[in-house]
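> Just passing along the structure, written as structure tokens.
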Amino acid sequence: MGGLLIRDISDAKRNIAVRAERRGGSLSDEARRLVQKGMIAEGSVANDDDLTAWDSLRSILGPDNDDEAEVFAKIMEEIEADRKRNFGRPIEDFE
């Protein structure tokens with residue numbers, strides 16, 4: 000079994016550990032999964048120089064299909080609308 004050492008990625012390591020915990024797997028398994036997913040995604044977009052940074056990352060970070068993307072966008076719009084309507088707790092009347 001081969002090994003890999005990557006130095007100075009403490010923030011990324013914490014993020015990967017959180018993802019691994021959510022999935023119920025180990026840090027190593029999650030890192031391996033992310034590297035494989037990234038390699039697959041990069042292979043599919045490596046020849047297209049016209050892509051924006053978001054388009055390049057979307058295959059890794061975003062929803063897998065357009066239906067999921069639309070649902071996600073709608074949820075985020077609702078969250079933003081609720082945030083704009085909610086001004087926190089009402090001010091107490093001290094009189």
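The sequence shown runs 0 to 94 under numbering that gives the first Met the number 0.
Virtual Cβ for every residue (Gly too), placed ideally from N, Cα, C.
1) May I ask which residues mark the beginning and end of the alpha helix (DSSP H) holding Ile-74?
2) What is the residue span of the alpha helix (DSSP H) that Arg-13 lies within?
3) On a CA-only basis, which of Asp-7, Ile-15 and Ile-78 is nearest Val-34? Give me that one, please.
4) Quick one: measure Cβ to Cβ for Asp-10 and Ala-19, integer angstroms, because I've assumed they're closer than 8 Å.
5) Do Gly-42 and Ile-59 have their C-beta atoms within less than 8 Å of each other?
By the coordinates alone:
1) 65 to 84
2) 9 to 22
3) Closest option to Val-34, judged by alpha-carbon separation, among Asp-7, Ile-15 and Ile-78: Ile-15.
4) Rounded, the Cβ-Cβ distance is 15 Å, inconsistent with contact.
5) no
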